[in-house]
Amino acid sequence: QDTQLRSVDLDHVIKLLESSNSKDLEKEQLKTLKKVAKHFENGFPLKDLEQIMRILGLCAGKVKEQEAFTEPLCELIKLSGLPFQKKKSSDEVNYSTAVAQYIAKLGYLMAVPSSQVRIQICKCVISFYKMDPPGKLLSGYQPTSANYKIQMAEFAGLAPILVSSLASVENQLTEKLWVLKALQHLSISGVNCRLMMKAQAASRLCLYLNGADPSGQLVFRSSDILWNLLENASKEDIIKQLSSLECIHALKEAFVDVLHGFRHRDHQLRNDLLVIAVLLSENVAVPVIESGFAKLLIVLATFTEVKIPNALVKDLKLTYSYEDFEMKKLLFSVIGVLSKHPSAAQLLSENDVMPALLYYVKPNQKPGFHDWSAAQYEELQLHAIAVLASVAPVLVDKYLSCQANTLLLVFLEWCIGQDPFFGQGSSFHGTGGRGNKLAQMRYSLRVLRSVVSLYDEAVKLNLCDQGAIIQLLDILKYATNKSKEDVILLEIQTDTVFILSVLCENDLHRKELFSYEGIGMLIPFLHMDPKKLYSGLGYNCLLFSALDCVWSCVVGCDIAEDHFLEKQGIFLLLDLLALKERNLCNIILGILVEFCDNAKTTLHINTWRGEKDQTAANLLIQLWRQEELELGVRRDKYGRIVDMKRPIAGHFQREQKVLPVPANCPSFAILEVSENMRAKLYSLFCKLGFEDLPGLSAEDFVTLAIIRRYIDFKVGEVWSEICAELEEEFRPVTPDEEALKAISKVSEDTGREVNVLQTELLETQLHQEIQEEKKTYKKIQATRKQREMINKSWENFLTRTSNYEALKKAKKFQEEAIEASRPKSQTQNGEVHSTDIKGLHTTIGPGRLVTVESTPCQFMGGPLAVTDLAPRKPSVCKGALKRNQK
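Counting from 41, one number per residue, gives the positions in the sequence shown under this note's numbering.
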């Protein structure tokens with residue numbers, strides 16, 4: 041068979057086809073082409089593709105004038121759909137360029153004005169994805185790998201060629217459908233999708249959505265390719281191509297056509313088009329509102345809830361099938377997306393979106409009865425409430441007129457009630473809500489949070505008049521008492537605390553109302569384990585909300601502040617401050633500064649002790665040093681001022697040049713105050729005082745000297761900026777110039793004064809350390825001398841016990857010392873006792889303790905017998921004793 045293959049001289053075939061046309065020659069050419077097709081019926085060898093490609097080109101040129109060449113051309117194209125034949129595995133790589141050129145050539149043959157050829161090319165491309173093994177294998181050949189042609193089609197850029205060919209089949213429905221079918225297969229690949237986008241595939245296909253096609257395949261295949269493009273190509277590029285008014289109109293008309301369809305595939309196609317509409321609506325630049333598409337979708341989303349007749353949905357009924365359920369969710373999504381459009385507010389208001397969404401803010405009264413199932417209703421309910429959180433801030437007036445706050449508070453009351461309810465928790469919005477009402481509570485609180493975030497007084501007053509503060513405290517207690525810790529409960533607590541903060545801010549009566557129960561619930565949040573802040577569950581958000589609540593609901597109300605102090609709230613704030621978390625520190629310092637207006641607060645701050653008995657003053661100074669280190673403020677190794685002209689300027693501030701700004705804009709020196717914690721730390725020390733602060737070291741006092749003059753240094757910075765600005769444009773008059781120099785000198789002198797004070801503090805500390813060192817040295821000396829004396833005494837003792845002569849010498853020395861200690865004048869009648877004990881054989885002197893033993897009673901007549909036998913006077917006590925005995 042291999043010999044037969046070689047017997048076909050392809051060069052001869054090419055020459056034959058290039059010859060001038062005649063009747064006899066035409067028959068010979070057709071006969072030769074059939075012979076070629078016969079010999080290559082199992083597929084073309086890779087090595088012959090270049091010649092086959094030339095043959096295809098010659099045949100295509102003849103088809104335009106001689107229709108007889110159409111059939112052999114189609115036959116050769118059909119054979120191109122079979123696996124190519126290779127001799128070696130390396131042939132696939134070696135011939136990759138030739139194969140890519142061949143496949144591209146097939147795409148360019150779409151320009152041949154023959155319906156049969158075009159359809160055959162499309163079938164050939166489709167066969168790349170349904171590769172069947174050849175019936176017979178050529179001797180010594182094997183088919184290429186299954187994905188080889190698909191990869192080569194990507195390399196050749198076949199997809200954009202076919203997209204471009206759509207223009208040539210614009211009016212031929214059958215050919216257009218075949219091209220779309222081929223593009224369906226090609227668009228599975230991300231590479232092909234990106235290439236198709238360069239050929240403007242999205243906009244071309246969108247315009248085909250509403251083309252005339254009784255079979256419905258045109259809209260189906262076009263939408264399927266658009267889906268593949270959305271999945272595999274850049275969504276931004278696709279939306280950009282579809283953002284023209286013409287494309288949106290085409291999408292709208294296609295959607296309306298399938299909207300009234302009754303078949304299952306019509307409903308699926310409707311939902312597919314709706315998803316594309318949702319994606320397009322996310323871009324504000326897309327004219328969904330101008331085209332009327334947005335209004336149609338809004339009416340579709342609300343017509344079952346508001347029951348208002350509308351011509352757009354006349355005779356349209358929902359069947360409560362799965363596809364209709366999916367459409368309902370997609371329509372809710374459209375409303376959520378449109379709520380972000382600045383120009384959509386009026387459209388949403390006019391078409392009763394607010395009442396339609398509030399329809400779901402209630403328990404399901406009759407689940408599953410000729411309506412959605414319980415699970416479906418719950419999913420729609422949660423989705424509607426989630427969308428309401430986006431729509432409510434846009435339609436505040438409509439929100440209040442529909443009494444949405446009342447509905448939400450009643451619904452929240454049901455959420456914490458004991459009514460039996462078994463949430464399905466099977467949807468995206470129902471996460472964590474299986475067997476409970478937590479999902480409903482979560483999204484209802486989100487709605488309240490979204491509207492109170494507007495800080496609209498009408499909304500706040502409406503909520504408070506209905507007892508929202510007490511009810512929210514009940515919800516907070518309900519969520520806090522749950523034993524489990526999960527994201528849903530933490531979010532509920534965070535949102536509740538935030539809503540309370542907004543409601544109580546700047547209102548003394550509401551703060552008092554909050555303080556009775558709220559502070560007791562707030563304290564555990566401040567007592568949170570710091571490790572939980574990094575758990576990722578949302579404890580950090582809860583803590584920030586709790587701190588915000590302290591600032592909004594406690595500070596400024598004497599009753600609430602006293603209650604907070606009784607609960608040791610200041611201690612908890614300082615414990616959190618000791619973590620030195622930058623985001624926390626700024627908020628806590630602000631709270632402490634405000635709290636210090638209460639006279640009892642300073643006592644609590646000074647009483648607090650942290651780890652290793654750290655005081656609050658020491659902690660605040662450490663925070664100051666940490667802040668200056670981050671800012672790059674210049675200090676020497678002892679913490680003293682280095683730059684006398686700009687003693688508190690950071691690295692960025694030193695490099696900042698004078699910038700021309702309007703008069704009403706603050707300068708950099710002023711802006712810097714709000715960008716770090718130093719101003720708050722200074723304010724706090726002003727409240728606590730700079731004297732008699734406990735637990736400070738010399739290093740702390742050095743830093744405290746800078747803090748004390750912070751406001752003077754800051755004033756100096758402002759004057760320095762004024763001078764720099766004046767130097768750029770003006771020369772001040774002599775008196776003003778002298779005044780500015782004097783002011784600058786005052787600021788510089790202040791820096792030097794502080795530097796001198798810091799040096800004195802360090803020298804005083806050094807002197808104290810030297811004195812303490814001397815005291816310690818004297819103690820060491822005394823201890824050493826005492827140890828030497830003990831050692832010498834011990835050596836003398838050993839000498840006396842081991843050397844008799846030394847003992848006698850010591851004895852003699854002892855006697856002489858005793859004799860020398862006696863007074864020189866002898867007592868006339870006094871008796872002199874000898875210090876020598878007769879018959880003593882010990883070798884050591886008596887110790888400090890003496891053991892005394894009594895004389896035996898047989899010699900003395902009893903323990904109380906009188907030892908002195910001389911006559912004495914009778915004792916009065918003895919006589920009294922005798923009388924008692926009588």
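Ideal Cβ placement from N, Cα and C applies to all residues, glycine included.
For residue i, the residue or residues it bridges with in DSSP
| i | result |
| --- | --- |
| residue 85 | 125 |
| residue 649 | 655 |
| residue 675 | 681 |
| residue 183 | 125 |
Close-in-space but distant-in-sequence residues of the same chain around residue i (CB under 7 Å, 5 per side omitted)
| i | result |
| --- | --- |
| residue 44 | Note on residue 44: pLDDT 43, under 50, position unreliable in the model; the coordinate value appears next. Closer than 7 Å at the Cβ level, and outside the excluded window around residue 44, lie 79. |
| residue 100 | 113, 149, 152 |
| residue 748 | 730 |
| residue 460 | none |
| residue 502 | 440, 445 |
| residue 68 | 56 |
| residue 376 | 427, 430 |
| residue 628 | 587, 613, 616, 617 |
| residue 75 | 48 |
| residue 927 | No statement about residue 927 is possible, as the shown extent of the chain runs from 41 to 926 and does not include it. |
Inter-residue CB distance, residue i and residue j (contact presumed, cutoff 8 Å)
| i | j | result |
| --- | --- | --- |
| residue 448 | residue 484 | 5 Å |
| residue 741 | residue 688 | That pair is no contact at about 17 Å. |
| residue 317 | residue 343 | Actually they do not touch by this definition, with Cβ atoms about 17 Å apart. |
| residue 201 | residue 242 | About 17 Å separates the two Cβ atoms, so there is no contact after all. |
| residue 735 | residue 657 | 6 Å |
| residue 370 | residue 311 | 6 Å |
| residue 93 | residue 169 | Contact flag wrong, Cβ pair sits at about 22 Å. |
| residue 690 | residue 673 | 5 Å |
| residue 504 | residue 558 | Incorrect: roughly 14 Å between the Cβ atoms, too far for contact. |
| residue 519 | residue 536 | 7 Å |
| residue 597 | residue 669 | At roughly 37 Å, the Cβ-Cβ gap does not stay under 8 Å, so residue 597 and residue 669 are not in contact. |
| residue 239 | residue 203 | 4 Å |
| residue 186 | residue 119 | No, residue 186 and residue 119 are not in contact; Cβ-Cβ is about 18 Å, not under 8 Å. |
Close beta carbons around residue i, own chain, < 8 Å, minus the five adjacent residues each side
| i | result |
| --- | --- |
| residue 659 | 614, 617, 618, 650 |
| residue 364 | 307, 358 |
| residue 117 | 96, 146, 149, 157, 160, 161, 164 |
| residue 268 | 224, 227, 228, 233 |
| residue 49 | none |
| residue 713 | 719, 754 |
Sequence-distant residues of the same chain with beta carbon closer than 6 Å to residue i, five excluded per side
| i | result |
| --- | --- |
| residue 640 | 605 |
| residue 590 | 631 |
| residue 346 | 392, 395, 396 |
| residue 154 | 103, 110 |
| residue 237 | 273, 277 |
| residue 189 | 168 |
| residue 563 | 607 |
| residue 791 | 681, 684, 687 |
C-beta atoms of residue i and residue j nearer than 8 Å
| i | j | result |
| --- | --- | --- |
| residue 329 | residue 388 | no |
| residue 721 | residue 664 | yes |
| residue 326 | residue 294 | no |
| residue 276 | residue 229 | no |
| residue 716 | residue 767 | no |
| residue 542 | residue 574 | no |
| residue 610 | residue 645 | yes |
| residue 385 | residue 435 | yes |
| residue 452 | residue 532 | no |
| residue 432 | residue 490 | yes |
| residue 487 | residue 539 | no |
| residue 599 | residue 634 | no |
heavy atom of the ligand GTP below 7 Å from residue i C-beta
| i | result |
| --- | --- |
| residue 670 | As presented, the structure is devoid of all ligands, the ligand GTP included, so that no description of it is given. |
- [ ] Could you name each continuous alpha helix (DSSP H) segment of 4 residues or more that falls completely within the region 703–732, going from the start of the chain to the end?
- [x] Entirely contained in the region 703–732, the alpha helix (DSSP H) runs reaching 4 residues are, in chain order, 708–715, 718–728.
Open item on the list: Could you tell me which whole alpha helix (DSSP H) segments of length 4 or greater appear in the region 365–445?
Closed with: 385–390, 393–398, 414–431, 436–441
- [ ] Entirely within the region 808–876 and at least 4 residues each: give me those alpha helix (DSSP H) ranges in chain order.
- [x] Residue ranges of uninterrupted alpha helix (DSSP H) with 4 or more members, entirely inside the region 808–876 and ordered along the chain, are 844–861.
Task: Sequence ranges, beta strand (DSSP E) only - wholly within the region 518–584, length at least 3 - done: none
Open item on the list: Report the start-end ranges of each beta strand (DSSP E) in the region 104–177 that is 3 residues or longer and not cut off at the edges.
Closed with: none
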